[in-house]
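Residue numbers (the working numbering), protein chains in the order written: chain A, 634 to 783; chain B, 634 to 783.
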DNA sequence: TTGCAAATTGGAATCATTCCAACTCATTCG
DNA sequence: CGAATGAGTTGGAATGATTCCAATTTGCAA
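In structure tokens form, the structure reads like this:
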């Protein structure tokens, strides 16, 4: 069962939605709470399952809608690897992703500003990029149970 | 209509396939030739259409098979952006991709070795990555008709 | 309290990709 | 020479994530 949003997170949700003229709903609260509760880059299906524990009537379509809305107002990021199901990530700091081929787990990799800068600098003139996505693929020794979860 | 492979490209094909115990076939020759002829990061469907001009009986399944085979033996790379159809790219030099949101075109961006090196260095200990994928999204002034095509 | 617009819902539709069983073809072996 | 083998090809069916849609429901505002 998912914890309610903290006052702080609820405000963040409310404000982000407001900037694009949208409202907080019970469904959006729960979906957002699910994302914050376990930051393991869940798929839509994952979110759906988890959210349903708190709101059994919730529909898959609504989860798609909520997540799309969140992406639209900058609350969460989409994470794609190859053509697997899209995953969602509430970490707004600039970061790359590492996909462990053995486990399928996705880890956030902190991205120092100077790297971003040097990447931007390799673009030929005339190329203006709003978004850079970096993903590593390989294996990690997940000995330390310290994952990207909360 | 697609040009036949040059002797040199045919050898490359033959050798790459041989390393994984596979053979050159008429279908594989044509699919490979299509990729080399116009390096605009075609989708499977694109390749299918173009290849059919030279070989009307070619099936879509075979195009999927050929491309998968080529990826497997390192002859071509897959390019994914978000969850759009997979595109294919015969450029084997390390490079990133720039996806123009206005046109949908994909451009290769040369990747200096020192950037790759510095990217590798941001991985925490225990993370071993075989593959790094970098994709930019934005707009480019495609005034110069100099694209990534041949 | 009525009306409206936004959100939600369940199910159907879409679309890329994968799967599969039948077929082709070149080559090897008796 | 055939027959057997096996890789490769083929068309169509199946899959699975995502999108679409028309019918409610909801929360406000007039």
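Every residue gets a Cβ at the ideal spot worked out from N, C-alpha and C, and that includes glycine.
| query | result |
| --- | --- |
| Cutoff 6 Å; reference residue 767 of chain B; Cβ partners in own chain excluding five residues on either side | 729 |
| Listed by chain order, chain B residues near residue 745 of chain A by CB distance under 8 Å | 755 |
| Chain A contacts from the stretch 639 to 652 of chain B (Cβ-Cβ distance under 8 Å) | none |
| Chain A contacts made by the stretch 758 to 771 of chain B, where a contact means CB separation under 8 Å | 759, 760, 761, 762, 763, 764, 765, 766, 767, 768, 769, 770 and 771 |
| Residue of A/702, A/655, A/731 and A/662 minimising C-alpha distance to residue 673 of chain A | A/731 |
| Which residues DSSP lists as bridging residue 674 of chain A, in chain order | Looking at the DSSP assignment, residue 674 of chain A forms no beta bridge with any residue, so it has no partner. |
| Which listed residue (B/750, B/637, B/733 and B/653) has its alpha carbon closest to that of residue 770 of chain B | B/733 |
| Three-state secondary structure (DSSP) of residue 722 of chain B | strand |
| Cβ contact check for the stretch 685 to 700 of chain A and the stretch 679 to 697 of chain B: 3 or more pairs under 8 Å | no |
| Members of the stretch 698 to 713 of chain A that neighbour chain B once the beta carbon cut-off is set at 8 Å | 711 and 713 |
| Any C-beta of chain B under 7 Å from that of residue 681 of chain A | no |
| Cβ neighbours of residue 652 of chain B in the same chain (closer than 7 Å, five flanking residues each side left out) | 706 |
| Start-to-end residues for the alpha helix (DSSP H) that takes in residue 647 of chain B | 640 to 652 |
| Range of the contiguous alpha helix (DSSP H) that encloses residue 701 of chain A | 693 to 705 |
| Pairwise C-alpha distance: residue 678 of chain A and residue 680 of chain B | 33 Å |
| Integer-rounded CB distance, given that residue 634 of chain A should sit under 8 Å from residue 686 of chain A | 5 Å |
| Contact check, residue 787 of chain A vs residue 666 of chain A, beta carbons under 7 Å | One cannot answer for residue 787 of chain A here, as it falls past the ends of chain A, which runs 634 to 783. |
| Beta bridge counterpart(s) of residue 766 of chain B as assigned by DSSP | A/768 |
| Alpha-carbon to alpha-carbon, residue 775 of chain B and residue 656 of chain B | 40 Å |
| Contacts around residue 720 of chain A, its chain only, beta-carbon distance under 7 Å, and the 5 residues preceding and following it disregarded | 674, 675, 676, 712 and 739 |
| Chain-order list of residues whose beta-carbon lies under 7 Å from that of residue 752 of chain B (same chain, five-residue window excluded) | 765 |
| CB of residue 649 of chain B within 7 Å of CB of residue 700 of chain B, strictly | no |
| Residue 641 of chain B burial status per 10 Å Cβ neighbour count (16 or more: buried) | exposed |
| Environment of residue 668 of chain B [buried if 16+ CB atoms lie within 10 Å] | buried |
| Beta-carbon proximity list for residue 636 of chain A, same chain, < 8 Å, skipping 5 on both sides | 666 and 670 |
| DSSP state of residue 581 of chain B mapped onto helix, strand, coil | Only positions 634 to 783 of chain B appear in the structure, and residue 581 of chain B is not among them; the question remains open. |
| CB-CB length for residue 773 of chain B against residue 724 of chain A, believed under 8 Å | Not really, about 29 Å apart at Cβ, beyond 8 Å. |
| 7 Å Cβ cut-off: residues of chain B touching residue 716 of chain A | 713, 716 and 719 |
| Residues sharing a beta bridge with residue 740 of chain A, DSSP | A/731 |
| Under 7 Å from the C-beta of residue 774 of chain B: neighbouring residues of chain A | 759 |
| Own chain residues within Cβ distance below 7 Å of residue 735 of chain B, not counting five before or after | 772 |
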